Structures are given as C-alpha cells and as structure tokens.
Amino acid sequence: MPKNIKQRFITTLYQLPQTVFTLNELAILFPQIAPQNLSQKLRYFSKTNGLIKLRRGLYAKADYNRFELANKLFSPSYVSLATILEKDGLIFQHDSTIHMISYLSRQVEIADQTFQYHKFKSKILVNRQGLIEQSGVWLASRERAFLDSLYLFGDMYIDNLKSLDWDKLFDLASIYESQILMVRLNDQRKTFNKEYHRLVAK
C-alpha cells in the first residue's frame, strides 16, 4: 500500500477527537474506500501499528479512551455504578472493572481491562436525566450512579455522602418507578443527616 495513502488515513483518524471506531463508522468516514477493501486495509494498518484491533469490527488509536470503548461494545450503555462513584470521590475502595448500565448482563475482557455490563429496564436505560455526554462518551452523574447502585444492589456504604445533591437525587429517583428504591434513598438520607449532625456537634 502506498505510504501516502496510509499516512492520509491515519492522519485523518488522529485528527478526530474520537478514539474508538467501529467498522461501520470507518466506512462512513472513508466512503472513497470500497467496503470490500476496507477490512483488508484495516488489517494492514493494525499490523503496522497505525491502529489497534480490539476485536472483530472494532479498532482504536494507541491512546484510546476506555470509557469510549465501553460505550461502543454494547449500545445503548453508559458508565455508572462504582466506576463513577470512585471517580467522583464517593467511595474510596478501588475497583479496576469498568461498570456499565446497558440492555444486557455481560462481562467482557479486552486488553487486560474488564468491562461489566449490568442489565436495566429499557425505560430507565434510555432516560437521559442525570447522564452526561463528554466527547461522545455517556457517563452517569454522581447522583445517577448512586441511584443506579441503590436500585441494583440495595443498601450500600458510601464513604462521602456529602458530595451528593439530595434535591437532585429525589428528583431523579422518579425515573426508576420503584418504591423500594425510595425507601433505600430515604434510609441513606437519614444516615447522612445523622453523620452531618454528629460532625456539627463536635
């Protein structure tokens, strides 16, 4: 393959903010490349270190965003649960697994990274309240991740409840349509109030 063609292909990809690409996305980005030739070219690029082949039909830049990969593996999905709670400083125990909310339950390992997908009802999954889009990656806010955790696992210990916005929590809780969740949320609020008053009394 002529060097200038390869260079244009790689240069175009690295100029994009996107770091993970499906075969369909690449076909749209490079309509001048016949579909029957695209897979062959991608094999060449992955062998020459221009791209990383993560799995069949999925390619990435060398410095790819693992959250973006998690979104691309199964869609719709969003980053949540312990991954967000740890990132935002609500829990202190490290969990290297990237936890996702999606339409199925599945565990996937790619390049020494474990992705755990947790199945939620469709009406909860597709509700964008409390979700944040950053450079094409969907992430739960800390409040949405907290509620997802309560909904999925029940009562749990949170190291830093004071970082939560309780008005947002009670507003977001309605999307789950769960009385059990409301009981759990009220219990967590009571725990927070006790801790707050204990600290104030010192």
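Take 1 as the starting number for the sequence shown in the working numbering and just add one per residue.
A virtual CB, placed ideally from N, CA and C, is assigned to each residue, including glycine.
Bear in mind the structure is a predicted one, so any value in this text is a computation, not a measurement.
For Tyr117, the uninterrupted beta strand (DSSP E) run begins and ends at 113 to 119, by DSSP.
Apart from the 5 residues on each side of it in sequence, Tyr14 has no Cβ closer than 6 Å to any other Cβ in its chain. Of Asp155, Ile180, Ser39, Gly130, the smallest CA-CA separation from Ala145 is found for Gly130.
Between Ala27 and Leu38, the alpha-carbon positions lie close to 7 Å from each other.
Annotation: Ser102 to Ile84 spans about 15 Å, alpha carbon to alpha carbon. Per DSSP, the beta bridge partners of Ile132 are Leu139.
An exposed status is given to Ile180, since fewer than 16 other beta-carbon atoms sit within 10 Å of its beta-carbon.
Between Thr22 and Gly50, the beta carbon gap of about 17 Å keeps them out of contact (Cβ cut-off 8 Å). At least 8 Å separates the beta-carbon of Ser80 from that of Asn71. Residue environment for Arg142: buried (at least 16 other C-beta atoms within 10 angstroms of its C-beta). Per the coordinates, the alpha-carbon of Gly89 lies some 43 Å from the alpha-carbon of Lys41. For Ala60, the enclosing beta strand (DSSP E) stretches over residues 58 to 60.
For Ile28, the secondary structure class from DSSP, reduced to helix, strand or coil, is helix.
Between the alpha carbons of Gly136 and Thr191 lies a distance of about 36 Å.
Per DSSP, the continuous beta strand (DSSP E) segment holding Gln107 begins and ends at 106 to 110. Secondary structure at Thr48: coil, using DSSP grouped into helix, strand and coil. Residue burial is scored here from C-beta neighbours: Val126 has fewer than 16 other C-beta atoms within 10 angstroms and is therefore classed as exposed.
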